[in-house]
Amino acid sequence: MRTPAGKDCKYYFEDHFRGREKQECRLLQRNPQGGRWKPAHCRDCPVPDIMRQNACPNMALEGRVHKSLLGLREQIKIYAICTSTLREVTDPAIGCGECHLHRPGTQILK
Ligand code: SF4
Numbered sequence: 357m358r359t360p361a362g363k364d365c366k367y368y369f370e371d372h373f374r375g376r377e378k379q380e381c382r383l384l385q386r387n388p389q390g391g392r393w394k395p396a397h398c399r400d401c402p403v404p405d406i407m408r409q410n411a412c413p414n415m416a417l418e419g420r421v422h423k424s425l426l427g428l429r430e431q432i433k434i435y436a437i438c439t440s441t442l443r444e445v446t447d448p449a450i451g452c453g454e455c456h457l458h459r460p461g462t463q464i465l466k
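What follows is the structure, given as structure tokens:
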């Protein structure tokens with residue numbers, strides 16, 4: 357679904373049918389420590405770009421609202437993990453690279 361920032365995000369949900377004014381981020385919603393989501397968070401959120409760059413089905417994302425030092429600025433921070441290797445994915449846009457090793461015909465460039 358298209359976010360208020362104009363990007364497609366599979367975690368965004370809105371319902372304006374018959375006067376409803378429902379907007380949700382289902383990524384933050386499923387993290388009890390995720391913080392309180394606002395539609396403005398979509399503007400700088402890295403998730404739509406990550407999903408476009410890396411479609412690995414084994415990568416799981418966790419999001420939370422991160423406040424700046426003075427608490428004036430908020431942005432979404434992402435933690436990614438590979439459910440296959442159970443390791444943290446440091447660069448979710450690229451992935452952990454483990455799956456590429458098992459795909460025939462794939463070359464790892466060094
Ligand atoms: S905050 Fe990020 S993950 Fe949540 S709906 Fe907006 S773009 Fe998607």
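So our numbering is basically just the index in the sequence shown, starting at one, shifted up by 356.
Cβ coordinates follow ideal geometry from the N, Cα and C atoms, glycine included.
Put residue i into one of helix, strand or coil per three-state DSSP.
i, result
"Arg399", "helix"
"Cys365", "coil"
"Met407", "helix"
"Leu426", "coil"
"Gln379", "strand"
"Arg386", "coil"
Determine which residues share a DSSP beta bridge with residue i and list them.
i, result
"Arg443", "Cys438"
"Leu417", "Ala436"
"Gln431", "His422"
"Glu483", "Since the first residue of the chain shown is 357 and the last is 466, residue 483 is not available in this structure."
Listed in chain order, which residues are found with a beta carbon closer than 7 Å to a heavy atom of the ligand SF4? Thr359, Ala361, Lys363, Cys365, Tyr367, Tyr368, Cys381, Leu383, Leu384, Trp393, His397, Cys398, Cys401, Val403, Pro404, Gly419 and Ile432
Using 8 Å as the Cβ pair cut-off and three pairs as the minimum, do the region 440-448 and the region 380-398 touch? no
Check whether the region 403-423 and the region 357-371 are in contact - that is, three or more C-beta pairs closer than 8 Å. The region 403-423 and the region 357-371 touch, with no fewer than 3 CB-CB distances between them shorter than 8 Å.
Check whether the region 370-377 touches the region 406-415, counting contact only when three or more Cβ pairs, one atom from each stretch, lie closer than 8 Å. With the cut-off at 8 Å, the region 370-377 and the region 406-415 do not touch.
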